[in-house]
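Residue numbers (our numbering): 188 to 375.
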C-alpha cells in the first residue's frame, strides 16, 4: 500500500528511540523500520570488452570462451574488461590470471586493462574475475589466446631442421670414414 506526502505540506518525520522512523502522510502515520529494509544485492557481472594487439583491435565484443589468434612477434596484448553492478558501482575490484604464466591471481584493483607482454608461441587461457565489497569472487570471464609462432618456430620446420642436421652430420661422418678407409687401403 502506498502512502503519499502532500506536495504543499512540509514533511513531518520522527525517529523513535527504538530506531524506527515515523512519517506523517495524508493518510496517517507510516512506520519504517530501517533494520528490516533489505536491498536485494545483485552480484556484479564481468565481461571482456576488447582484445588489442599493440595498437590494433583484434576483437571487440568478446564472447565467452572465444579463441583469439595473436600474430607472431607481438610484443604486447591488452585485454580490456569491465564489471557491471547497480549495487556496487565504482567499488568493484578485479583480479586476472593467465594460465601458463601466472600461478596466482594478479590483483588489479579497479584497473580494467590487463597488459600482457613477452608471450611465447602457444595457447594461453586468460581469466578475469570481479570481486564484491566482501572480496567474494562473484563472476568470471575467460578467453583463449593462441600466439602464433614464426615459420621457423613451427615444430614441423624444427623437426625438418633437426633431420637435415642429422643427415648432414651422418653424411660428413660417412665421407670421413670412407676417406680414412681409402687412405688406409692405399698404404697397404
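By construction, the Cβ of each residue, glycine as well, lies at the ideal position given by its N, Cα and C atoms.
- Rounded to the nearest angstrom, the gap between the Cα atoms of residue 206 and residue 279 is 31 Å.
- The beta carbons of residue 267 and residue 300 sit closer together than 9 Å.
- Just so you know, the alpha carbons of residue 286 and residue 360 end up roughly 45 Å apart.
- Remark: C-beta atoms of residue 241 and residue 271 do not approach each other more closely than 9 Å.
- Looking at the DSSP output, residue 326 bridges to 317.
- Between residue 334 and residue 304, the gap from beta carbon to beta carbon reaches 9 Å or more.
- Going by beta carbons, residue 281 and residue 315 fall inside the 9 Å limit.
- Under the 10 Å beta carbon count, residue 313 is surrounded by 16 or more other beta carbons and is classified as buried.
- A direct Cα-to-Cα measurement between residue 319 and residue 345 gives close to 48 Å.
- Counted as a single uninterrupted DSSP element, the beta strand (DSSP E) harbouring residue 284 occupies residues 280-285.
- Residue 260: not part of any beta strand (DSSP E); DSSP gives it neither H nor E.
- For residue 310, the closest alpha carbon among the candidates 356, 358, 349 and 259 is that of 259.
- Bounds of the alpha helix (DSSP H) holding residue 357 are 342-374.
- The beta-bridge partner set that DSSP reports for residue 255 consists of 332.
- Short of 8 Å from the beta carbon of residue 296, and not among the five residues preceding or following it, lie these beta carbons of its own chain, in chain order: 280 and 281.
- Residue 233 sits close to residue 327, with the two beta carbons spaced by under 9 Å.
- Secondary structure at residue 223: helix, using DSSP grouped into helix, strand and coil.
- According to the DSSP secondary-structure assignment, residue 212 is paired through a beta bridge with 215.
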